[in-house]
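Colleague:
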Amino acid sequence: MAVTQEQVKLKPNVIQVRTSFWRRVKRYRMAYAFIAPAVIVMLLVHIIPTVQAIYMSFLDLNTRTLLLYLRAPFVGLQHYEHILGGLIFGGKDTLIRGLSQALINSFWFLIIVQGGTLAFGLVFALLLNRQFRGRGLARTLVLLPWVVPTFVVGIIWQFIWLQKGGLANRILFDWLHLVDKPVTWLLLKNARIALMIPAIWNGVPFMTVMLLSALQVVPPDLYEAATIDGANTWQKFRYITFPFLKPVIVITTMFGIIFNFFGFGPYNIAISLFNSDNLGRYVDLLTIAIVRQTFNNQLYGYGAAASVLVMIVALVFVGIWYRLFRSSLINE
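Count the sequence shown with my numbering and you get residues 149 to 480, in order.
Below is the structure:
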């Protein structure tokens, strides 16, 4: 097979593209200089503490051995075996029972809070996408709960849930007479509701903004054509609106799961809401239980191992989630 003159000319170009690492650094030194501060911050804030936590998880670190640190007893995978074995086979000691109950509470918290956030966010996004007087003010007001720090969210709702003089009991007991006596919101099973509602209130604005941005991309001509063809409201939502919302729902749901199950947002709300990290069996979440075992009980090696396991589960979850919805994200 004869080689044409054009093919011969292309070969030197292919070779010239391959440059050494240091040559690329020199060529793009200004770009690397701009991203260097962010990389350094990431290294200090994320990577180094992660490596340190992994190292600590192999040590028997407690109040007696913490000062030794580098010379603390090496226990290998003992903490991991204790945690995983206890969770899988039903350990009876206090640590495992606390983690098991916190894990169950975290699952229920995740399902209800994420479901409520998505439902209310979708309703608000659909309403704010309509044309009406004062729409700009309404869009601004819906963002207010998102601006409030999670720690302050707990303080605000603590006053709302007060048994005497709280806004919730004033509405339900004094004004609407829906309950026989003022409700004790911050105790026992009612504490679940008292924690979930502020978490939903704090998360709805982000979901609303993301879904609203997706709705504004939908061409109005599609709705007009669907109306001419006789499509009803549900058919318009299913075949026109939802395909545009799906990629955003996938991404925001993943963020919400990470935030509500693995993150410290609910932890901050709970600590400020109940003024304690010993929340009892009904509202004790996974992150709260790990922090309590690590710092209050001063089981630093045990807490580090639990944190590493949570990190591994989070990474596996993100990988599975991406594999499941990768095609829809790329296609959309």
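Where is the CB? At the ideal position from N, CA and C, for every residue including glycine.
Note that the structure is predicted; figures quoted are calculated from it, not measured.
1) Just the C-alpha distance for W323 and I304, rounded to the nearest angstrom, thanks.
2) Touching or not, the stretch 240–258 and the stretch 429–440, by the rule of three or more beta carbon pairs under 8 Å?
3) Name the one or two DSSP bridge partners that L207 has.
4) Could you have a look at Q441 and say whether DSSP puts it in helix, strand or coil?
5) Considering only residues of the stretch 220–284, which uninterrupted alpha helix (DSSP H) runs meet the minimum length of 4 residues and lie entirely inside it, listed in chain order?
6) In angstroms, rounded to a whole number, what distance separates the CA positions of G378 and R386?
7) Give a yes or no on whether the C-beta atoms belonging to L421 and A362 are separated by under 8 Å.
8) With a threshold of 6 Å on Cβ separation, who are the neighbours of G467 within its own chain once the five nearest residues in sequence on each side are excluded?
9) Which residue marks the beginning of the alpha helix (DSSP H) containing L382, and which one marks its end?
10) Quick check: what's the CA-CA separation for W294 versus P353?
11) Restricting to runs no shorter than 3 residues, where is the beta strand (DSSP E) found entirely within the stretch 397–436?
12) Using only the alpha-carbon positions, how far apart do A184 and M178 sit?
13) What is the rounded straight-line gap between the Cα of D328 and the Cα of N317?
14) Check this for me: beta carbons of P346 and G314, under 8 Å apart or not?
15) Return the CA-CA distance between G449 and W382, expressed in angstroms with no decimal places.
16) Applying the criterion that 16 or more other CB atoms from any shown protein chain within 10 Å of the CB defines a buried residue, is Y180 buried or exposed?
17) Note the first and the last residue of the continuous alpha helix (DSSP H) segment covering L310.
18) I'd like to know whether the C-beta atoms of A454 and I195 end up nearer to each other than 8 Å.
19) L207 and M222 - do their beta-carbons sit closer together than 8 Å?
20) Between W309 and L334, is the Cβ-Cβ spacing less than 8 Å?
21) Any idea what DSSP makes of H325, helix, strand or coil?
22) Can you give me the C-alpha to C-alpha distance between A374 and K384, rounded to a whole angstrom?
23) Using a 10 Å radius around the Cβ and a threshold of 16 neighbouring Cβ atoms, would you call A186 buried or exposed?
24) For a test of the three-state rule: what should DSSP assign to G467, helix, strand or coil?
25) Alpha carbon to alpha carbon, how far is Q249 from K240? Give it in angstroms, no decimals.
26) Is K337 helix, strand or coil by DSSP?
27) Taking the continuous alpha helix (DSSP H) assigned at Y180, which residues delimit it?
28) Can you name, in chain order, every residue of its own chain whose Cβ lies under 7 Å from the Cβ of A98, other than the five neighbours on each side?
29) Name the residue from N380, P391, M358, L447 whose alpha carbon lies nearest to the alpha carbon of V366.
30) How would you label Q364, buried or exposed, when you count the other beta carbons within 10 angstroms and need 16 or more for buried?
Modeller: Quick look at the numbers:
1) 21 Å
2) Three or more beta-carbon pairs drawn from the stretch 240–258 and the stretch 429–440 are found closer than 8 Å, and the two stretches are therefore classed as touching.
3) F222
4) Correct three-state label for Q441: helix.
5) 226–237, 242–276
6) 14 Å
7) no
8) Scanning its chain for C-beta atoms nearer than 6 Å, with the 5 sequence neighbours on each side dropped, one finds no residue around G467.
9) Going by the sequence as given, residue 382 is Trp instead of Leu. Counting along the chain, the alpha helix (DSSP H) containing W382 begins and ends at 381–384.
10) Taking the CA atoms as reference points, W294 sits about 6 Å from P353.
11) none
12) Distance between the alpha carbons of A184 and M178 is about 10 Å.
13) Across the structure, D328 and N317 are spaced so that their CA atoms are roughly 11 Å apart.
14) For P346 and G314, no; Cβs fall outside 8 Å.
15) 54 Å
16) Looking at its Cβ environment, which holds fewer than 16 other Cβ atoms inside 10 Å, Y180 is exposed.
17) Here L310 belongs to no alpha helix (DSSP H), and DSSP marks it neither H nor E.
18) no
19) A small fix is needed here, since residue 222 is Phe in this sequence, not Met. Their beta carbons are under 8 Å apart, which means F222 touches L207 by this criterion.
20) yes
21) coil
22) Rounded to whole angstroms, the separation of the alpha carbons of K384 and A374 is 7 Å.
23) exposed
24) helix
25) 12 Å
26) coil
27) 177–190
28) Any question about residue 98 goes unanswered here, given that the chain covers just 149 to 480.
29) P391
30) Exposed, since its Cβ has fewer than 16 Cβ neighbours within 10 Å.
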